[in-house]
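Undergrad: Residue numbers (UniProt numbering): 1 to 400.
Beta carbons are placed, not taken as given, at the ideal position from N, Cα and C, and that holds for glycine.
Just so we're clear, the structure is a prediction, and the values are computed from it rather than from any experiment.
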């Protein structure tokens with residue numbers, strides 16, 4: 001009876017060890033332990049708990065970490081083997097990125113006249129239309145230009161009257177020709193000065209119809225104000241006041257390590273996922289690969305153009321871009337049934353020699369076809385693995 005008790009105890013200890021190694025097969029282990037206990041009790045000490053009804057041991061030997069398992073040949077022959085496959089597939093990988101405005105659809109809004117902002121009706125992030133007032137600037141430059149224009153216009157009127165008088169005198173022989181020519185030259189010079197002064201007002205943003213020292217700054221396009229550098233009362237100098245961008249099309253600027261640059265080229269497809277919208281998947285294409293490498297991060301920017309008709313994508317949003325290269329590279333496929341997961345790691349069983357199997361860690365990729373999954377590390381093409389890892393694990397759990 002002592003021998004029988006030790007046998008039962010060994011079964012439960014063995015089942016406990018296997019349960020920790022194969023936690024997802026708990027029910028199989030419990031059934032195995034109960035079955036082994038029944039064999040031990042029924043045998044009344046005549047058979048070992050690791051023997052089947054035919055007296056053959058299923059697990060002959062197992063390493064301490066469970067990485068190598070030796071099965072009885074009569075058991076091992078029931079497990080079919082499968083070979084990994086090699087297939088040429090488009091190269092796929094991902095990279096982090098950020099949404100940025102399309103610079104070809106971004107305009108910097110300037111005030112060419114210096115002064116002070118007296119009104120700033122537009123605000124950062126606001127949607128504006130073409131011609132909408134963004135700011136009003138009180139400009140001493142424009143006031144001076146208006147004064148010069150008014151003086152030039154008065155001088156032109158005076159020169160015109162003087163020319164008319166000299167022409168009348170010349171026709172009646174009361175004035176020499178030289179006086180007429182001087183009057184003509186003065187009138188032409190006054191006309192040039194008036195045109196130049198008028199042009200200066202237009203450059204500074206003023207109006208000839210209603211001259212005023214106030215410059216109205218308007219948006220040249222319809223879009224979103226993505227940057228604002230002026231507030232009411234602040235001085236306005238020769239720098240842009242706003243940036244307005246048409247965000248109906250944006251860029252995803254992705255950072256690729258130098259080792260990955262050879263895997264992507266202009267025209268490759270990209271699927272972009274946005275952190276702010278987990279269910280949103282956008283399709284785009286690579287439009288540019290920067291030739292400048294960041295010396296700190298050793299990354300280069302890859303630009304993906306995205307349509308944004310609903311305006312969901314805003315500058316600064318974090319994204320992840322999955323790239324699919326037009327070039328293909330060999331990939332290793334393994335049957336899904338050959339894979340099992342233990343402690344966040346995927347494994348397969350590889351035959352070493354008849355009856356001897358080794359547990360091999362693998363890194364998996366996408367499921368590419370029914371029943372087959374990509375393995376990116378751990379296996380090579382045309383390598384044999386146990387086709388049914390679940391059944392093999394259950395059999396391997398019956399050890400002495």
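1. In whole angstroms, what is the alpha-carbon distance linking residue 253 and residue 189?
2. Assign residue 125 to one of two classes, buried (16 or more other C-beta atoms within 10 Å of its C-beta) or exposed (fewer than that).
3. According to the neighbour-count rule (16 or more other Cβ atoms, all chains shown, within 10 Å of its Cβ), is residue 28 buried or exposed?
4. If residue 304 sits next to residue 251, beta carbons under 8 Å apart, how far is it from one beta carbon to the other, in whole angstroms?
5. Decide if residue 323 is buried, meaning its Cβ has at least 16 other Cβ atoms within 10 Å, or exposed.
6. Looking only at its chain, what residues have a beta carbon closer than 6 Å to the beta carbon of residue 53, apart from the 5 residues adjacent to it on each side?
7. Under 8 Å between the Cβ atoms of residue 202 and residue 186?
8. Across which residues does DSSP place residue 352 in a beta bridge pair?
9. Report, in whole angstroms, the separation of the C-beta atoms of residue 248 and residue 130, which I expect to be a contact under 8 Å.
10. Less than 8 Å between the beta carbons of residue 356 and residue 321, yes or no?
11. Mark residue 283 as exposed unless 16 or more other C-beta atoms lie within 10 angstroms of its C-beta, in which case mark it buried.
12. For residue 206, does the three-state DSSP call read helix, strand or coil?
13. Since residue 326 and residue 268 are thought to touch, with beta carbons under 8 Å apart, how far apart are those beta carbons, to the nearest angstrom?
14. Can the beta-carbon of residue 231 be found less than 8 Å from the beta-carbon of residue 117?
15. If we ignore side chains and look at the alpha-carbon of each, how far apart do residue 172 and residue 159 end up?
16. Could you give the DSSP three-state label for residue 73: helix, strand or coil?
17. Please go through the segment 113–199 and give each complete alpha helix (DSSP H) segment of 4 or more residues, from N-terminal end onward.
18. Residues in its own chain within less than 6 Å of residue 383 by CB, not counting five upstream and five downstream?
19. With H, G and I counted as helix, E and B as strand and the rest as coil, what does DSSP make of residue 391?
20. Assuming contact is defined by CB atoms lying nearer than 8 Å, are residue 354 and residue 73 in contact in what I supplied?
21. Taking residue 318 and residue 275 to be in contact with their CB atoms under 8 Å, please state how far apart those CB atoms are, rounded to whole angstroms.
22. Give me the Cα-Cα distance between residue 391 and residue 82, rounded to the nearest whole angstrom.
23. Distance, Cα to Cα, residue 121 vs residue 146?
24. Please report how far the alpha carbon of residue 265 lies from the alpha carbon of residue 95, in whole angstroms.
25. From the DSSP secondary-structure annotation, give me the bridge partner or partners of residue 94.
26. Just mark residue 393 as buried or exposed, buried being the case when its beta carbon has 16 or more other beta carbons within 10 Å.
TA: Reading from the atomic positions:
1. Walking along the chain shown from the start, residue 253 turns up at place 253. Walking along the chain shown from the start, residue 189 turns up at place 189. Rounded to the nearest angstrom, the two C-alpha atoms are 56 Å apart.
2. Looking up residue 125 in the chain shown gives position 125. Label assigned to residue 125: exposed.
3. Numbered from its first residue, the chain shown carries residue 28 at position 28. Any reading at residue 28 must be qualified, since the residue scores a pLDDT of 35, below 50, and its modelled position is unreliable; no value is offered.
4. Here residue 304 refers to the residue found at position 304 when the chain shown is read from its first residue. Here residue 251 refers to the residue found at position 251 when the chain shown is read from its first residue. Their Cβ separation, rounded to whole angstroms, is 7 Å, which keeps residue 304 and residue 251 in contact under 8 Å.
5. To locate residue 323, count along the chain shown from 1; it is residue 323. Label assigned to residue 323: buried.
6. The residue labelled residue 53 in the question sits at position 53 within the chain shown. Annotation note: pLDDT 39 at residue 53 (below 50); position unreliable, no value reported.
7. On the chain shown, position 202 is the one that residue 202 refers to. On the chain shown, position 186 is the one that residue 186 refers to. Cβ distance not < 8 Å, so residue 202 and residue 186 don't count as in contact.
8. Position 352 of the chain shown holds residue 352. Beta-bridge pairing links residue 352 to no other residue.
9. Here residue 248 refers to the residue found at position 248 of the chain shown. Here residue 130 refers to the residue found at position 130 of the chain shown. No, residue 248 and residue 130 are not in contact; Cβ-Cβ is about 14 Å, not under 8 Å.
10. For the purposes of this step, residue 356 is taken as the residue at position 356 of the chain shown. For the purposes of this step, residue 321 is taken as the residue at position 321 of the chain shown. Not closer than 8 Å, so no.
11. In the chain shown, the residue the question calls residue 283 occupies position 283. Exposed: under 16 other Cβ atoms inside 10 Å.
12. To locate residue 206, count along the chain shown from 1; it is residue 206. Note: residue 206 maps to coil in three-state DSSP.
13. Locating residue 326 in the chain shown gives position 326, where the first residue counts as 1. Locating residue 268 in the chain shown gives position 268, where the first residue counts as 1. That belief holds up - the Cβ atoms of residue 326 and residue 268 are roughly 6 Å apart, short of 8 Å.
14. Here residue 231 refers to the residue found at position 231 when the chain shown is read from its first residue. Here residue 117 refers to the residue found at position 117 when the chain shown is read from its first residue. Yes, they are a contact pair.
15. Translated into positions along the chain shown, residue 172 becomes position 172. Translated into positions along the chain shown, residue 159 becomes position 159. Rounded to the nearest angstrom, the two C-alpha atoms are 20 Å apart.
16. Within the chain shown, numbered from 1, the residue matching residue 73 stands at position 73. For residue 73, the three-state secondary structure derived from DSSP is helix.
17. Runs of the alpha helix (DSSP H) spanning 4 or more residues and lying entirely within the segment 113–199 occur at 140–171, in chain order.
18. Within the chain shown, the letter at position 383 stands for residue 383. Same-chain partners within the cutoff: 84.
19. In the chain shown, counting from the first residue as 1, residue 391 sits at position 391. Three-state DSSP puts residue 391 in a helix.
20. Looking up residue 354 in the chain shown gives position 354. Looking up residue 73 in the chain shown gives position 73. In this structure, residue 354 sits near residue 73, with a CB-CB distance shorter than 8 Å.
21. Residue 318 sits at position 318 when you count from the first residue of the chain shown. Residue 275 sits at position 275 when you count from the first residue of the chain shown. Sure, about 5 Å apart at Cβ, within 8 Å.
22. By one-based count along the chain shown, residue 391 stands at place 391. By one-based count along the chain shown, residue 82 stands at place 82. Going from the Cα of residue 391 to the Cα of residue 82 covers about 14 Å.
23. Position 121 of the chain shown holds residue 121. Position 146 of the chain shown holds residue 146. Their Cα atoms are separated by approximately 25 Å.
24. One-based indexing of the chain shown puts residue 265 at position 265. One-based indexing of the chain shown puts residue 95 at position 95. Taking the straight line joining both Cα atoms gives about 14 Å.
25. Position 94 of the chain shown holds residue 94. Beta-bridge pairing links residue 94 to 322.
26. The residue labelled residue 393 in the question sits at position 393 within the chain shown. By the neighbour-count rule (16 or more Cβ atoms within 10 Å), residue 393 is buried.
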